[in-house]
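> Chains as they are written, first to last, in my numbering: chain A, 15 to 389; chain B, 15 to 389; chain C, 15 to 389; chain D, 15 to 389.
Idealized CB from N, CA, C, for every residue including glycine.
Number of protein chains: 4
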Amino acid sequence: MSSSFGQAFRIHTFGESHGGGVGVIIDGCPPRIPLEPADIQRDLDRRRPGQSDIVTPRKESDTARILSGVADGVTLGTPIAILVRNEDQRPGSYDEMATKYRPSHADFTYDAKFGVRALSGGGRASARETIGRVAASAVARRVLAVLAPDIEVLSWVGAIHDIVADVDPSRVTADDIEANPVRTPDPETAERMIARIKEVRADGNSIGGTVEGLIRGCPPGLGEPVFDKLEAELARAMMSLPATKGFEVGSGFAGTRMTGREHNDPFRMVDGKVRTTSNRSGGIQGGISNGEDILFRVGFKPTATIMSSQETVTSAGEDTELKGKGRHDACVLPRAVPMVDAMALLVVTDHLLRQRGQCGGFPAPELGSVRQETV
Amino acid sequence: MSSSFGQAFRIHTFGESHGGGVGVIIDGCPPRIPLEPADIQRDLDRRRPGQSDIVTPRKESDTARILSGVADGVTLGTPIAILVRNEDQRPGSYDEMATKYRPSHADFTYDAKFGVRALSGGGRASARETIGRVAASAVARRVLAVLAPDIEVLSWVGAIHDIVADVDPSRVTADDIEANPVRTPDPETAERMIARIKEVRADGNSIGGTVEGLIRGCPPGLGEPVFDKLEAELARAMMSLPATKGFEVGSGFAGTRMTGREHNDPFRMVDGKVRTTSNRSGGIQGGISNGEDILFRVGFKPTATIMSSQETVTSAGEDTELKGKGRHDACVLPRAVPMVDAMALLVVTDHLLRQRGQCGGFPAPELGSVRQETV
Amino acid sequence: MSSSFGQAFRIHTFGESHGGGVGVIIDGCPPRIPLEPADIQRDLDRRRPGQSDIVTPRKESDTARILSGVADGVTLGTPIAILVRNEDQRPGSYDEMATKYRPSHADFTYDAKFGVRALSGGGRASARETIGRVAASAVARRVLAVLAPDIEVLSWVGAIHDIVADVDPSRVTADDIEANPVRTPDPETAERMIARIKEVRADGNSIGGTVEGLIRGCPPGLGEPVFDKLEAELARAMMSLPATKGFEVGSGFAGTRMTGREHNDPFRMVDGKVRTTSNRSGGIQGGISNGEDILFRVGFKPTATIMSSQETVTSAGEDTELKGKGRHDACVLPRAVPMVDAMALLVVTDHLLRQRGQCGGFPAPELGSVRQETV
Amino acid sequence: MSSSFGQAFRIHTFGESHGGGVGVIIDGCPPRIPLEPADIQRDLDRRRPGQSDIVTPRKESDTARILSGVADGVTLGTPIAILVRNEDQRPGSYDEMATKYRPSHADFTYDAKFGVRALSGGGRASARETIGRVAASAVARRVLAVLAPDIEVLSWVGAIHDIVADVDPSRVTADDIEANPVRTPDPETAERMIARIKEVRADGNSIGGTVEGLIRGCPPGLGEPVFDKLEAELARAMMSLPATKGFEVGSGFAGTRMTGREHNDPFRMVDGKVRTTSNRSGGIQGGISNGEDILFRVGFKPTATIMSSQETVTSAGEDTELKGKGRHDACVLPRAVPMVDAMALLVVTDHLLRQRGQCGGFPAPELGSVRQETV
């Protein structure tokens, strides 16, 4: 269904940008996982607007309340419902948008699909919808901490507009990423990115960029053959985020311009484990993790809301013009980082439980051939 | 589940490259759709090896048999099972591969996941697995012909290695694509591509490239908010194909280097319909089709099987070397085209039925605002 | 998943008897269905404790709040989240139960499954969990009112302990059912049932009974062959309610003692429609509705909470005794009626949308053979 | 979907009674489970017509072929496809039935739903459809033999028409059941049942009865709260079998006439395990197994095909008469036994894998309170 994600660790999100609130139900969470509201708040705070002077100044505390599924600080194995109430509702600021389709937004397509739409705030197409995802991913993070503590999920801004960061994925840390408001672990480039964002914002314009994602310490064996390949699941996860235009794994599109001889990753035994000496596969082979770093890249378009006058039509079918208003990010990339983290955490946790259910462990216990210890 | 795809028009595939056969069950197909075995054979023949001198010479007739769900030339609404028996089994040619992990194949990861694998032919990771998808898509094609005859799904080779075709998506036809064995609707570039493939094959090497996909005549309103956005579904569908490394929709990664002012697609009324005057959205806004051409691009890595000696390890955990053998494509791109077609057809048909179920038609009937006729 | 029900009209419930609240997300609801909070409150009020002197005196207002998916009094097609906060929390009254497994409750099995449980109030096994189902069914009721207004779902108490009501399903009305607190449309028997409940309660004991369900005006064609047969879906739905022990459809177990000659339902044309002259099939043939009344019966065991001293064990594994406390119904039947209504409404609405998605209408439009109008 | 069953151990069946064949795909099967074609054939042979003089004399060898998912005698973890070809096709014998709706069959409802149907043999409504279920259950049986060897699934005929067998479920063995063709572990009553079946058949009439099911050695902790309660899953499973009219678990409908004091099952510690001293719960409490025998009963109506002249209508909407022809069972009960076994095996295996995925074992490892060893 539209608002469900995952099979074993399954989430269902709800909520419009304006209305009673947004949130999520997590079904299938393992029992007895330590979980405090602060675990969820921490991740929500990274996603929240108003954190720095390069994102939207909208003020929302985004306080999460756990409604069910947790008692005495541990999960019960039953559905965990998390609610974040909406606070800063000013539907008035969206009046004109109610009757004019904002270019490159979802106003027209929601009308075409449903014949009706929430007339303020973008409804389910609002970035606010991602709160439920991030809250669920905070729970996934706690599950991983218990079941597979070696797994570390990180993502960062790889490029803003045409400014590209210089990052060595094998060395990047969470602290490096959080060290600047643009969330790129390359301090010098970060300064240039911040300047560009401010410049573009001052011009009433917007820009996009790329986020790079990394799953470290993933045991071999996660993912599935055929339709639920790990890269397919990650692709769906990332392309379901607002404003995404592209997804690459490992060598990505650049890999299409290499020969097989250049591209193949040789295997070698290292410390008794099967390893590859290069990683153009991006940690996934045949849809299944091979124990190397899982690396991927997500492209985000420039924010559709701009302060220029634009050609558009009314919902009554008349040509007109629209000048953007409201409080929006000139560049979503810094806030997209925790969203990319969230989706990667959800994918990995789901496949960890699926692997345990079908095969009894990660990797499969009692391997018939190479005996591979959990990385 | 791993081998299921779609929600309303739902397929389940099965079969290894070696064994009794490969095939598919289609569940949820509308009843009374005219369907003949030849409809399926036509699409399977496009996917089949041995069609030209630039693909693998393996000889397989790939004859489809409809086992159920069809009577007197029409679908019954019950599960349609289609079986293609395996014919050309020479497990002997894979002997060495049984004990040595082929670099950048799925041999090691299948062992890590399952603790066992089909010792010949790549199991479910074989391109032969896509037969079930293509057979199912031939049924989807017939469903569209009845329910939404304006929809046309086309894809073609956009690049082989560093050779890029010059194609105008708005004018490309199925005949243009089939006019040359490389399946690129740019005859001159096709010649250079063919030469490059032959050259690389003579060298025992391999190359990759990109396939471009187009869904024309799609009514507005298909797709869903949030997780089942049309681009997310297409991304998952394409990234589940063997050898894929990247997916883009509309402006794609290039769009990340534009400003919002450059990137937004203005709306205009044209012939009483809401249209955009540019199409950087790639026909999808907020996860839902807007009636414009849906355009996407898929990156395929160079074939992992090469004729060079490569470093690898045995399944017993010893470093060793492997020289590729067997009959494989030096470039999968020409045969990837019908696979991309297949996945696009499956996604569109599934969302068409979902839209009819939830909203009663495509687009939603009795629109409250703009009355949008089916494009 | 455990807390999801339905495929096209799909609900996800959450919440324990004690904690922040209980509720539901409905995904896949058709857009533009008129829906007011009062529509939901009306059904919740029927399920609520404290309505009469034969049910638990626990006071809970059970006020529903619609958090999302509805604007300006109509559904948006996006997830509808409904929350009912918990109010009357007295965990103290459950203290002894926290360490002693209540006989024929779910305390021990939750511990065995999850290794943890909500130590007060029964967690997800509480009847309070059904609030989410009833709230969702109120939305389903509104959907039916628009899409298939001839459908009427009714259920009533058929028996309490060994007291059996005399009811003609073809004539029963909603008012007849609500005319007495025991919800049986047989006023004289109702008096005897009420007396029996009061007598049993005074004794600290409990009793069970049966609820009979009816779906009137269901068009032919709903349901599916094989696993999702309409009777299988109803059986799962009803047997998922707390305290249920049995399910019958049409002739039920009594039908197993008839011969085929006695049991078969002859067809006759009546007013241009295919009808049966008897209805031992209970309105379903081969898993699919035939247009006659759908009739079923659900058995509920006596409430497990009694005021006697009972043998049991502690969660530490010691034999002990437990005397029931707390505020419970001596007979759940009157309050089970809206729960049975709810599950029947959910099943019918789900299959209505599934039928529209796959076959284009209910019944299938343009029948090749008998042209059957919607009943 | 209509033809899918299970979540973790998931099956998809296909095939009409006439056509290329019937079969099943099993997705999610654990890898490295020993499996031979003979394992499947053994169970199919129990279901096959023509085994004794009290079932239909139709001759079908029902030979299963494993098409995929198994190599060198073990499962691969990938989809297992099993095909049984149709052999004994005599569509001629069904000619009259093609235009006249057989009373209490699915002919009319399939037409109403799909607007088309397989004009011979009953399509998916044929008992032949259960071949796929039985084949899949044979695989489930092998999975249980490896993962939970203490589990034993048995079922038997409890009643034929008004003749009721006297069976002690705690002592019944597979050999007792197979000792007579009617499959009831009460030799004397079996003789009377056989005589009754022959008598009814000679009269061109038919009879029904009940099948009783038992799951022995089930560890506590299987099943789920709320919608996927173990009894709800069993109810759906059984009510999806052709000709079923009712389902009971534990005390069943008889339990509705007891008081709570009579009905509750006291807990006692026995050999260090939590046990109940009676079993009116039928081995399931709150939807989750408690380690006691799981006991249930399924009611089957008399076979709809009888040799009398019956009133019916034509598919063109004219009143007419039909005299049954073809080769059918006068009583399906003996052949229903392996079908009930099959569905119980599928439910238990699915929940075993679900429990392992979510909670890490059966029961949950490291219980916080009572430490319960696997029974």
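In angstroms with no decimal places, state the Cα-to-Cα distance between B/S16 and A/V288.
Here residue 16 of chain B is taken as the residue at index 2 of the second sequence, counted from 1. Here residue 288 of chain A is taken as the residue at index 274 of the first sequence, counted from 1. Going by the C-alpha atoms only, they are around 25 Å apart.
> Using DSSP's beta-bridge definition, name the partner residues of D/Q299.
Counting from 1 along the fourth sequence, the entry for residue 299 of chain D is found at position 285. Answer is D/I302.
> Buried or exposed: A/R56, going by 16 or more other Cβ atoms within 10 Å of its Cβ?
Residue mapping note: residue 56 of chain A aligns to position 42 of the first sequence, counting from 1. Exposed: under 16 other Cβ atoms inside 10 Å.
> Tell me, please, which residues DSSP counts as bridged to A/R230.
Walking along the first sequence from the start, residue 230 of chain A turns up at place 216. Answer is A/E166, bridged to A/R230.
> Considering Cα atoms alone, identify which of A/L366, A/P63 and A/T92 is closest to C/E30.
Working through the third sequence from its first residue, we reach residue 30 of chain C at position 16. C/E30 has its Cα closest to that of A/T92, out of A/L366, A/P63 and A/T92.
> Starting from C/I47, find everything on chain D with Cβ-Cβ shorter than 9 Å and list it in chain order.
Position 33 of the third sequence, counted from the first residue, corresponds to residue 47 of chain C. Ordered by position in chain D, no residue passes the 9 Å Cβ test against C/I47, which lies about 23 Å from the chain.
> Any beta-carbon of chain C closer than 8 Å to the one on B/C345?
One-based indexing of the second sequence puts residue 345 of chain B at position 331. With 8 Å as the cut-off, B/C345 does not count as an interface residue toward chain C.
> Suppose you measure from the CA of B/A159 to the CA of B/P48; what does that come to, to the nearest Å?
The sequence position of residue 159 of chain B within the second sequence is 145, counting from 1. The sequence position of residue 48 of chain B within the second sequence is 34, counting from 1. Cα to Cα, the separation comes out at about 10 Å.
> Closer than 9 Å, Cβ to Cβ, to anything on chain C: give me those residues from the stretch 30 to 62 of chain B, in chain order.
Within the stretch 30 to 62 of chain B, the residues whose Cβ lies closer than 9 Å to some Cβ of chain C are G42, C43, P44, P45 and R46, listed in chain order.
> For D/I221, which residues from the same chain have a beta carbon less than 6 Å from its beta carbon, with the 5 sequence-adjacent residues on both sides left out?
Position 207 of the fourth sequence, counted from the start, is the residue given in the question as residue 221 of chain D. The residues are H175, V214, P316 and C345.
> Are the beta-carbon atoms of A/L168 and A/V186 separated by less than 8 Å?
Locating residue 168 of chain A in the first sequence gives position 154, where the first residue counts as 1. Locating residue 186 of chain A in the first sequence gives position 172, where the first residue counts as 1. Yes, they are a contact pair.
> Return the residues of the stretch 71 to 98 of chain B that lie within a Cβ-Cβ distance of less than 9 Å from chain D, sorted by chain order.
Listed by position along the chain: R79, I80, L81, S82, G83, V84, A85, D86, V88, T89, L90, G91, T92, P93, I94, A95 and L97.
> Say whether chain D places a C-beta atom closer than 8 Å to the C-beta of B/H26.
As a first step, residue 26 of chain B must be located in the second sequence, where it is residue number 12. Output row for B/H26: interface = yes.
> Take A/G136 and list the residues in its own chain whose beta-carbon comes closer than 6 Å to its own, dropping the five residues that flank it on each side.
The residue you call residue 136 of chain A lines up with position 122 of the first sequence. Correct list, in chain order: S31.
> Measure the Cβ-Cβ separation of A/G395 and A/L97 and say whether it is below 8 Å.
Because chain A spans 15 through 389 in this model, residue 395 of chain A falls outside it and cannot be assessed.
> By the criterion of Cβ-Cβ separation under 9 Å, what are the contact partners of B/R368 in chain G?
Within the model displayed, chain G is absent; protein chains A, B, C and D are what it includes.
> Name the one or two DSSP bridge partners that D/T224 has.
Numbered from its first residue, the fourth sequence carries residue 224 of chain D at position 210. Note: D/T224 sits in a beta bridge opposite D/A173 and D/G313.
> Against chain C, with Cβ distances strictly below 8 Å, would B/A152 count as a contact?
As a position in the second sequence, residue 152 of chain B is number 138, starting the count at 1. Taking Cβ atoms only, chain C never reaches closer than 8 Å to B/A152, which makes this a no.
> Under 8 Å, do B/A22 and C/G371 count as touching if we go by C-beta distance?
Translated into the one-based positions of the second sequence, residue 22 of chain B becomes position 8. Translated into the one-based positions of the third sequence, residue 371 of chain C becomes position 357. Yes.
> So that I know if they touch, is there some Cβ in chain C lying closer than 8 Å to that of D/M283?
Numbered from 1 along the fourth sequence, position 269 holds the residue referred to as residue 283 of chain D. True, the Cβ-Cβ gap to chain C drops below 8 Å.
> Where C/V178 and C/G313 are concerned, what is the direct C-alpha to C-alpha distance, given to the nearest angstrom?
On the third sequence, position 164 is the one that residue 178 of chain C refers to. On the third sequence, position 299 is the one that residue 313 of chain C refers to. Distance between the alpha carbons of C/V178 and C/G313 is about 13 Å.
> Using a Cβ-Cβ cut-off of less than 9 Å, list which residues of the stretch 107 to 131 of chain C approach chain A; keep chain order.
Of all residues in the stretch 107 to 131 of chain C, Y124, K127, F128, G129, V130 and R131 have a Cβ within less than 9 Å of some Cβ in chain A.
> Does the beta-carbon of D/I145, which I'm using as the reference point, lie nearer than 7 Å to any heavy atom of the ligand MN?
As presented, the structure is devoid of all ligands, the ligand MN included, so that no description of it is given.
> Would you tell me roughly how many angstroms separate the C-alpha atoms of C/G390 and C/A52, rounded to the nearest one?
The structure shown does not extend to residue 390 of chain C, since chain C is modelled only from 15 through 389, so no value can be given for it.
> Around the Cβ of B/V284, are there at least 16 other Cβ atoms within 10 angstroms (buried) or fewer (exposed)?
Looking up residue 284 of chain B in the second sequence gives position 270. Exposed, by the Cβ-count rule.
> Can you give me the start and stop residues for the alpha helix (DSSP H) that C/A350 sits inside?
To locate residue 350 of chain C, count along the third sequence from 1; it is residue 336. C/A350 -> alpha helix (DSSP H) spans L347 to C373.
> Decide if the stretch 291 to 302 of chain D is in contact with the stretch 289 to 298 of chain C; the criterion is three or more beta carbon pairs, one per stretch, under 8 Å apart.
Touching, no.
> Note down, in chain order, each residue of its chain lying with its Cβ closer than 8 Å to the Cβ of A/A246, except the 5 sequence neighbours on either side.
Your numbering for residue 246 of chain A matches position 232 in the first sequence. So the qualifying residues of the chain are G301.
> With DSSP as the reference, identify every bridge partner of D/T27, one or two as the case may be.
Working through the fourth sequence from its first residue, we reach residue 27 of chain D at position 13. D/T27 pairs with D/V38.
> Given a threshold of 16 other Cβ atoms within 10 Å of its Cβ, counted over all protein chains shown, does D/G87 qualify as buried or as exposed?
By 1-based counting over the fourth sequence, the position of residue 87 of chain D is 73. With fewer than 16 other Cβ atoms within 10 Å, it is exposed.
> What residues in the stretch 134 to 159 of chain C have a beta carbon less than 9 Å from any beta carbon of chain A?
Going along the stretch 134 to 159 of chain C in chain order, one finds S134, G137 and R138 with a Cβ nearer than 9 Å to chain A.
> Counting contacts by CB-CB distance shorter than 8 Å, is D/A378 in contact with chain A?
What you label residue 378 of chain D is simply residue 364 of the fourth sequence in a count that begins at 1. Closer than 8 Å to some Cβ of chain A, the Cβ of D/A378 qualifies, so yes.
> Residues of chain C with a CB under 8 Å from the CB of D/Q324: which are they?
Position 310 of the fourth sequence holds residue 324 of chain D. What D/Q324 touches in chain C: N278 and P280.
> Can a CB atom of chain C be found closer than 8 Å to the CB of D/P201?
The count along the fourth sequence starts at 1 and reaches residue 201 of chain D at position 187. No, no contact with chain C.
> Hey, how far is the Cα of B/H365 from the Cα of A/G266?
Numbered from 1 along the second sequence, position 351 holds the residue referred to as residue 365 of chain B. Numbered from 1 along the first sequence, position 252 holds the residue referred to as residue 266 of chain A. Answer to the nearest angstrom: the Cα atoms are 28 Å apart.
> Leaving aside the five residues before and after A/C373 along the sequence, list all residues of the same chain whose C-beta is less than 6 Å from its C-beta, in chain order.
By 1-based counting over the first sequence, the position of residue 373 of chain A is 359. Cβ within range, chain order: n/a, list empty.
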